[in-house]
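Counting from 10, one number per residue, gives the positions in the sequence shown under this note's numbering. Data block below; observations after.
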Amino acid sequence: MVLWIILALLTAAVAAVLIAPFARGGKVAPADRTGEVEVYRDQLNELERDRAQGLIEPQEAEYARAEIGRRLLAAAGANADRQEGAAKTGKYALVTSMVTLVLPVVGLCLYLTLGSPGLPDQPLEARLANPGNNVALLVAKAERHLAQNPNDGAGWDLLAPIYFRSMRLGDAEMAYRNAIRLLGPSATRLAGLGETLVASNDGIVTEDARSAFEEAVRLEPDNPRSRFYVGLGLEQAGRAAEARSVFEAIAKDSPAGAPWLELVNQHIAKNGGTVAPDQSTAQAPGNPTQEDMAAAGTMSQDDRQAMIRGMVDSLAARLKEDPNNLEGWLRLVRSYTVLGDKEKAQEALKSGLKQFPSSGELVALANEMGLAVEGTTQ
């Protein structure tokens, strides 16, 4: 019943807004002055008779005729305005009827057809009690629970990665720290905290972040992701030899064809190491072969550009079939940016973050290339 009252009030308010201009246009018609017109005409006739009989001077007769004529024209004009006003009033009445009757009837029919008038009201409390697959309501429910139970470590542990995927980085850091404080450190929690700090600092591995990754490596020595961030932090700090040693150890321990291998090899080379050609290009989709590079040397500029575009499109197609390749997404975003296709670079970034929502590398690359990361604020 409350819903119908609200709908009726809204309908009345909208109708009033729509009718207002027409109401202002419909002015009250002036009174009928037909009798005055006849009187002034009789006065003109009488004036002519008096003039013919010599009862009034010609000059006075002209003055009197002018004044009676002025009054006659005014009365006749008022009658014309009255007729026009009556016509407008009829038009306004038609428009008003359409606004107040037709539109609400059409809206009601559409609501009865497409809406759910029999559905009972569902206040926020009821929606939070049964959020279904609505992520926003799930988060709101968890936040309400944690507001009442701030020492529930499992709740913070659940919310932290959700906050990170939503790029609510401040909330993610708080949630990770609370989960670590209440449940104790784990490789997953420490790595999540480290990646949150990296993303919050535009891809820079701060001391806090590096400490978190080092502790994660201590708890899980074979985790290549945490080890990579440790090496990246050493590289950014200018400790090239130590960084190279970390990256070489990751490459040595990685299985053949690991999706992160090419990225690791790039950092080995960047820090003064040497990588065999077959290692650096082995399983990276979209890389040119030796034959491709030799053929490119003999091509024209247009043909070379077309070949590059073809390789980038091939990389995009392979990633669509096998999206579990972080290095492939990094290369695709960078390639589209270099080609000047910012729209496709933005789409590739969005797809990469969907596949790797906690990737600090993608966030750092986005900031480097001037691309917007969905959910962040500058």
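Cβ coordinates follow ideal geometry from the N, Cα and C atoms, glycine included. All figures in this text were calculated on a predicted structure; none of them were measured in a lab.
Cβ shell of residue i (< 7 Å), same chain only, five flanking positions each side left out
i: residue 249; result: 280, 281
i: residue 380; result: 354, 355, 358
i: residue 303; result: Note that residue 303 scores a pLDDT of 48, beneath 50, so its modelled location is shaky and nothing firm can be said.
i: residue 214; result: 207, 238, 241, 242, 245
i: residue 185; result: 169, 198, 201, 202, 205
i: residue 133; result: Confidence is the limiting factor: at residue 133 the pLDDT is only 44, short of 50, which leaves the residue's position unreliable and the question unanswerable from this model.
i: residue 70; result: 56, 60
i: residue 298; result: Note on residue 298: pLDDT 48, under 50, position unreliable in the model; the coordinate value appears next. None.
With 16 other Cβ atoms within 10 Å as the buried cut-off, status of residue i
i: residue 264; result: exposed
i: residue 373; result: buried
i: residue 72; result: exposed
i: residue 334; result: buried
i: residue 270; result: buried
i: residue 389; result: With the chain represented from 10 up to 387, any question about residue 389 goes unanswered, as that position is not in the structure.
i: residue 242; result: buried
i: residue 337; result: buried
i: residue 168; result: buried
i: residue 15; result: exposed
i: residue 178; result: buried
i: residue 371; result: buried
i: residue 48; result: exposed
i: residue 67; result: exposed
i: residue 230; result: exposed
i: residue 182; result: buried
i: residue 18; result: exposed
i: residue 326; result: exposed
i: residue 342; result: buried
i: residue 218; result: buried
i: residue 253; result: buried
i: residue 361; result: buried
i: residue 151; result: buried
i: residue 328; result: buried
i: residue 272; result: buried
Contacts around residue i, its chain only, beta-carbon distance under 8 Å, and the 5 residues preceding and following it disregarded
i: residue 191; result: 160, 161, 162, 165
i: residue 232; result: 196, 200, 225, 226
i: residue 376; result: 211, 212, 382
i: residue 155; result: 161, 164, 165, 168
i: residue 74; result: 53, 56
i: residue 262; result: 231, 233
i: residue 158; result: 164
Sequence-distant residues of the same chain with beta carbon closer than 6 Å to residue i, five excluded per side
i: residue 235; result: 200, 222, 225, 226
i: residue 321; result: 344
i: residue 276; result: 256
i: residue 180; result: 172
i: residue 228; result: 196
i: residue 61; result: none
i: residue 251; result: 243
i: residue 59; result: 65
i: residue 332; result: 364
Terminal residues of the alpha helix (DSSP H) in which residue i lies
i: residue 165; result: 162-174
i: residue 207; result: 196-209
i: residue 189; result: 178-192
i: residue 228; result: 216-228
Check: Which ranges would you report for the beta strand (DSSP E) in the region 307-355 if only whole runs of at least 3 residues count?
Finding: Those beta strand (DSSP E) runs which fall completely within the region 307-355 and span 3+ residues do not exist here.
Margin query: Quick check: the region 333-349 against the region 189-206, are at least 3 beta-carbon pairs closer than 8 Å?
Written below: Counting C-beta pairs closer than 8 Å gives fewer than three between the region 189-206 and the region 333-349, which falls short of the contact rule.
Margin query: Runs of 4 residues minimum, wholly inside the region 242-284: which ones carry the alpha helix (DSSP H) assignment?
Written below: Listed in chain order, they are 249-262, 270-279.
Next item on the list: Tell me the start and end of each unbroken alpha helix (DSSP H) in the region 43-81 that is at least 4 residues and wholly inside, in chain order.
Entry: Counting only runs of 4 or more, we get 43-61.
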